[in-house]
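Protein chains in written order, with our numbering: chain A, 129 to 341; chain B, 129 to 341. No residue lacks a Cβ here, since even glycine has one placed at the ideal position from N, Cα and C. A quick write-up on the structure given underneath.
Protein chains: 2
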Amino acid sequence: MRLRKISGAVVRRLPLYLRVLEEASRDGDKELMSSQELGERAGVSPALVRKDLAWFGEFGKQGVGYDVNNLKMELRRILHLDRDIPIALVGVGSLGHALARYFRRRYATDPGFQLNIVALFDADPAKQGEVIDGLTVEAPDKIREVSRELSLRMAIIAVPADAAQDVVDQCVDAGIHLLLNFAPVKLRVPDGVHLVNADLSLELQRLAYYMRD
Amino acid sequence: MRLRKISGAVVRRLPLYLRVLEEASRDGDKELMSSQELGERAGVSPALVRKDLAWFGEFGKQGVGYDVNNLKMELRRILHLDRDIPIALVGVGSLGHALARYFRRRYATDPGFQLNIVALFDADPAKQGEVIDGLTVEAPDKIREVSRELSLRMAIIAVPADAAQDVVDQCVDAGIHLLLNFAPVKLRVPDGVHLVNADLSLELQRLAYYMRD
């Protein structure tokens, strides 16, 4: 059973820990890792590492550290990354197109990367039928049908701001409840749907605050 | 004088408020906006809006609200977005290439968007000399020279993970102290350098946590 009360901040750090463990086991020289080292590599305090992981079980041994392979597998399981996750991408303009190629290449070359874009959609009739990296771009009114067929639960939204809410509504109707949104707009989703905003312009704008004159 | 103690969480919300105000003034029908409405549109509580803005001065009037145009200009000034900001982009693989086109198109078409990519770099000799949207791709050893010439303070890093630390060091040496990093790796920067990680894979992975079986 999932523990519903685990905060978003904890969940946000789990993939960071997983990445550190994957790097360590790729380098091959690490069988054990202390919370001190895991924290240092992930950029958080050792106490926070221990506290975060304690939500999910008892993984480390006092004075010995974490078994790298074991903790890696546990984190994969907790994050549902112990299986392939099929993803839809909606909007294959310049950004969406690049995201599709970027993530598909990552999936094809990195055995530790389970996120697999398997369906592309675009509202522009001129783009429908186009083949990108082996996938044919479909009309958004196919989202429901394709989602059912491919058991889609996750989608990347890369459409213009004024089209994003409609696309999100279509995805939610189709049973897609995990959304990564690149459109520079605030979107409404019903309870039970998780939306992460990756608004790249906002990131640049907040960096600009720290500009020295 | 800058207030050094303002937290990153406050700074992160300022561009959100600015976006809400820009949408409102684009729609044209809004001269005043309450903290209630600003908060609702930005997805935070009205109390937090008032608290965040109070760090920077007294902008609203009790019972009247904020003057949309005035607050917009103040936020632009606070974020240094009252002028154009020239940006370097390092790494024009599929993601970097798309980011360059995406942000340059945004700059060209959105008068409220001041972030302007003006220089491209790539370590691959096959890419050097290539022209992307009017900009010629240069070798990374030109970063210092170009930075001085164009007064660069901000860069987008879109190189592979194993090249990212070297590129960041070169940028920092060249006086670039604001960095948006897309490489899936934790990077070290000296004090006074601000680095924001936009690791798109981590965002997908944390979404996967919420997958329903």
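From what residue to what residue does the alpha helix (DSSP H) around residue i run?
i	result
Asp180(A)	174 to 182
Leu335(B)	328 to 336
Glu150(B)	136 to 155
Val317(B)	That residue, Val317(B), is in no alpha helix (DSSP H); it is neither H nor E in DSSP.
Val295(A)	289 to 301
Leu166(B)	163 to 170
Glu159(B)	Segment: none, Glu159(B) is in no alpha helix (DSSP H) and carries neither H nor E.
Would you say residue i faces chain B, with C-beta separation under 7 Å as the test?
i	result
Val139(A)	yes
Arg205(A)	no
Leu278(A)	no
Arg404(A)	Residue 404(A) falls outside the range modelled here, since chain A spans only 129 to 341, and no answer is possible.
Ala302(A)	no
Val324(A)	yes
Gly185(A)	no
Ile285(A)	no
Ala226(A)	yes
Leu243(A)	yes
Taking 7 Å as the CB-CB limit, is residue i close to chain A?
i	result
Ser275(B)	no
Lys314(B)	yes
Pro143(B)	yes
Leu209(B)	yes
Ile260(B)	no
Ile213(B)	yes
Leu149(B)	no
Leu263(B)	no
Leu306(B)	yes
Applying the criterion that 16 or more other CB atoms from any shown protein chain within 10 Å of the CB defines a buried residue, is residue i buried or exposed?
i	result
Gln190(A)	exposed
Ala326(B)	buried
Arg205(B)	exposed
Pro268(A)	buried
Ser279(A)	exposed
Ser173(A)	exposed
Asp180(A)	buried
Arg340(A)	exposed
Val177(B)	buried
Pro288(B)	exposed
Glu266(A)	buried
Ala170(B)	buried
Met129(A)	Note on Met129(A): pLDDT 47, under 50, position unreliable in the model; the coordinate value appears next. By the neighbour-count rule (16 or more Cβ atoms within 10 Å), Met129(A) is not buried but exposed.
Val139(A)	buried
Gly167(B)	buried
Val345(A)	A query on residue 345(A) cannot be resolved here, the shown segment of chain A reaching from 129 to 341 and no further.
Ser135(B)	exposed
Ala292(B)	buried
Assuming residue i is part of the beta strand (DSSP E), what are its boundary residues?
i	result
Met225(B)	As written in the sequence, residue 225(B) is His, which differs from the Met given in the question. Careful: His225(B) lies outside any beta strand (DSSP E), inside the alpha helix (DSSP H) at 222 to 237.
Pro214(A)	213 to 218
Asp195(B)	193 to 195
Leu307(A)	306 to 309
Ser247(A)	In the sequence as displayed, the identity of residue 247(A) is Ala instead of Ser. Ala247(A) -> beta strand (DSSP E) spans 243 to 249.
As a quick exercise: from the options, pick the residue whose alpha carbon is nearest that of residue i.
i	options	result
Met201(A)	His322(A), Tyr145(A), Gly262(A), Leu263(A)	Tyr145(A)
Ser222(A)	Gly167(B), Leu217(B), Val218(B), Ala228(B)	Ala228(B)
Gly185(A)	Asp250(A), Leu199(A), Arg281(A)	Leu199(A)
Val73(A)	Gln256(A), Ala251(A), Val321(A)	In this structure chain A extends from 129 to 341, so residue 73(A) is not present and cannot be described.
Ala311(A)	Ala291(B), Ala247(B), Phe231(B), Ser163(B)	Phe231(B)
Pro253(A)	Lys133(A), Gly219(A), Pro214(A), Leu142(A)	Gly219(A)
Lys314(B)	Ala137(A), Val148(A), Lys133(A), Ile304(A)	Val148(A)
Glu159(B)	Val196(B), Gly167(B), Glu151(B)	Val196(B)
Asn309(B)	Ala302(B), Asp301(B), Ser329(B)	Ser329(B)
Glu331(A)	Arg141(B), Ile134(B), Lys133(B)	Arg141(B)
His322(B)	His305(B), Gln333(B), Arg316(B)	His305(B)
Leu207(A)	Arg276(A), Pro143(A), Gln293(A)	Pro143(A)
Ile213(B)	Phe241(B), Asp297(B), Leu248(B)	Phe241(B)
Gly262(A)	Ser153(A), Val300(A), His225(A)	His225(A)
Pro318(A)	Leu335(A), Arg334(A), Val300(A)	Val300(A)
Tyr342(B)	Lys133(A), Ile134(A), Ser135(A), Gln333(A)	Limits of chain B in this structure are 129 at one end and 341 at the other, which puts residue 342(B) out of reach.
Ser163(B)	Phe187(B), Gly156(B), Glu151(B)	Phe187(B)
Ala286(A)	Asp155(A), Glu277(A), Leu307(A)	Leu307(A)
Tyr194(B)	Lys255(B), Met161(B), Leu209(B), Gly136(B)	Met161(B)
Gly320(B)	Pro239(B), Met282(B), Asp210(B), Arg276(B)	Met282(B)
Ala302(A)	Ala291(A), Lys270(A), Ile284(A), Gln293(A)	Lys270(A)
Lys245(A)	Asp238(A), Pro239(A), Ile215(A), Lys255(A)	Here the sequence assigns Ile to residue 245(A), which means Lys is not the residue at that position. Answer by Cα proximity: Ile215(A).
What does residue i reach in chain C if we use C-beta pairs closer than 7 Å?
i	result
Arg229(A)	The question asks about chain C, but that chain is absent: this structure's protein chains are A and B.
Worksheet entry | Positions along the stretch 326 to 339 of chain B whose CB lies within less than 9 Å of some CB in chain A | Ala326, Asp327, Leu328, Ser329, Leu330, Glu331, Leu332, Gln333, Arg334, Leu335, Ala336, Tyr337, Tyr338, Met339
Practice prompt. Note down, in chain order, all residues in the stretch 158 to 176 of chain B with a beta-carbon under 9 Å from any beta-carbon belonging to chain A.
Written response: Arg169, Ala170, Gly171
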